[in-house]
Amino acid sequence: MSYLRKVARKLPSVAILAAFLGFWEWLAHVGFISQQLWSFLTPPSVIVARSFTLFVEGGMLYHICGTLYRGLIGLLIGVSLGVVFGLLCGWFRVLDEIIMPIFEFLRPLPALALFPLLLLLFGFGDLTKIVAVALQCFFATLIPTFYGVRDVDKLLVDSARIMGARGRNLFFDVLLRAATPHICNGIRISIGVAMVVVTAAEMLIYIVGQYGLGSLISWTEVSRDYPTMLSSIVVVMLLGFFLVWIWLKVENKLLFWVRETAAERV
Amino acid sequence: MRSFIRKLLLKYKVATLLIVFAFFLGWEFLSQTRFLNLYIWYFFRPPSTIVSELIYEAVSLKLMNNALFSLYRISVGFAIAALIGVPFGLVVGWSKLGNEIFGPLIDLFRPMPHIALYPLLVILLGLGDQSKIFLVTLQCFFIITIGAMYGGRSVDRLLVNQLKVMGARDKEIFFEAVIWSAMPFIFSALRISIAVSWIALVTAEMIGATEGIGWSILFYEKSSSFAAMFAYIFVISILAGLMLQILLFAERRLLRWHRALAI
């Protein structure tokens, strides 16, 4: 019953989406403004058909695997380094005072601005993209982790102290627990950011024999294969959505004691 | 005496400055002497060269031209996204009907990498400013909207009921309670979207533009003038940092009552 209700709540937005797609299809069918426009904005039916073909015989799965490989490895490196450094800087006052201003300065720098430099250092392979993703994710997790540990409720820390928590206990049982929602927030933002960065990086370098959805988008734009371009755009966007969706499920399990659901902590 | 040194080192950020200074000094030295004849010194030109290149770019007004183009694109795109996204998200989050209709839709679109749409936008809107502004708007809009939406949804119901008992009308409740309690959510969404919008803009400028900072970075990399490339990387970090600081300043002023994490 509750499942049915869940589905029913999604109905209006599904209807809007369907209406939008239907309108698009109709406009393309009529050839609104000019026929040429709709050869770029190929109607949804063509996109779906092309996606199907790509999945079955076009090696779309290779492209998805390539993007996922780079994105997830970079995410893993960036997030783990970010969490570790965030915890260290939040726990040791000296690091907070000395290192943190440097991180604060570097934090707004978009990793893609460093992309040409990374290209020179690491070449045209996967490493460049992985490093770009890792850089951006590092700062996206470092900052929430750091503030989560540093600005922990003083009352909590003091009561733990009174009850005899010292050093390791205080860190693992109080600070880390209290900071976990913030760390999860950082990771969720990082997943979205990682997808953006990996797609952008792949769109910037596309070489024959390199699988990746971003590369596929750039390739097909250059070769004017617009149905394939649009279906790879749809696939990469759905991929980003699904990664975050999976993480939200994990987060809700992980943070069972937090009152609001994961999605509601922006 | 010891406490004085400690205070000097930590509080006035002298230690940080020393580390940064040592880093640049080491870079300068290693680069000048071409340490071990490593090939990387070909890219990592000495900081003094980078500074002189920066001054040259600034004096020849190329820097200002590029920076203004990038700032124009990002600020217009960001402003459009904020001006539409915040009211829209607030209304949607506050009203039950809006939540039902638009909630799942915005949830669907938020985590998508909208940067993938850029080639399509180029085809439709051309290589000029429009496609870049639209990309920035698109990338920010859903993040900001969802922030405002959850903000509007998270209003303390007790507070609203109290206001109703005291005879407040719906309009007053919206302007006096809902907007203010949604502020922290909106600001955290704005902070995230600043970072993401710079990524989108830089990529867009690298893919296709004839001016702008992202374009300059790639242009100078391709023409092997790496000192100028570093100069522009430095400029972009300053500009992005300035935008973030302005936002943080506004947040601190507006949200004095809210003991927030200044993330």
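Quick note, the sequences are listed as chains B and R, same order.
Every number in the numbering used here is 131 more than the matching position in the first sequence, counting from 1.
Every number in the numbering used here is 188 more than the matching position in the second sequence, counting from 1.
We put the CB at the ideal spot given by N, CA and C, even for glycine.
Just so you know, these numbers come straight off a predicted model, no measurement behind them.
About 5 Å separates the Cβ atoms of V329(B) and R201(B), confirming a contact at the 8 Å cut-off. Of all C-beta pairs linking the segment 375 to 388 of chain R to the segment 288 to 296 of chain R, fewer than three are shorter than 8 Å, placing the two stretches out of contact. DSSP, reduced to helix, strand and coil, places M354(R) outside both helices and strands of the structure shown, so it counts as coil. The C-alpha of S321(B) is placed about 23 Å away from the C-alpha of F303(B).
Judged by DSSP secondary structure, E333(B) falls within the alpha helix (DSSP H) whose first and last residues are 307 to 335. Within chain B, the C-beta atoms nearer than 8 Å to that of S425(R) come from F236, L237, P239, L240, A244, in chain order. For P312(B), same chain residues with a beta-carbon under 8 Å away, outside a window of 5 residues either side, are G279, L386, V389, R396 in chain order. Taking all protein chains shown into account, G254(B) has fewer than 16 neighbouring C-beta atoms within 10 Å of its C-beta and is therefore exposed. In this structure, T198(B) lies near G345(B), with their beta-carbon atoms less than 8 Å apart.
Secondary structure of T204(R) (DSSP, three-state): helix. Between the segment 339 to 359 of chain R and the segment 308 to 323 of chain R there are fewer than three C-beta pairs closer than 8 Å, too few to call the two in contact. Neighbours of G402(R) in chain B, taken as residues whose beta carbon is under 8 Å from its own, are L243, A244 in chain order. Out of W169(B), P143(B), Y357(B), S165(B), the CA that lies nearest to the CA of W155(B) is found in W169(B). Following the DSSP letters along the chain, one finds Y200(B) inside the alpha helix (DSSP H) bounded by residues 191 to 222. In the DSSP assignment, T333(R) falls within the alpha helix (DSSP H) that extends over 317 to 341. The beta carbon of M294(B) does not come within 8 Å of any beta carbon belonging to chain R, so the residue lies off that interface. In the structure shown, the three-state DSSP call for G402(R) is helix. Sixteen is the threshold: since fewer than 16 other Cβ atoms of the shown chains lie within 10 Å of the Cβ of I243(R), the residue is exposed.
Chain-order list of chain R residues neighbouring A331(B): I303, I387, T391, by C-beta distance under 7 Å. When the five nearest sequence neighbours on each side are left out, the beta carbons in the same chain lying within less than 6 Å of the beta carbon of I261(B) are those of R201, I204, G205, in order along the chain. Among the residues of the segment 214 to 232 of chain R, those with a Cβ less than 8 Å away from any Cβ of chain B are I228, F231, in the order of the chain. Residue-level contact by beta carbon holds for A383(R) and chain B, with a gap shorter than 8 Å. Excluding its 5 nearest sequence neighbours in each direction, P234(R) has C-beta neighbours in its own chain below 6 Å: E216, S219, Q220, listed in chain order.
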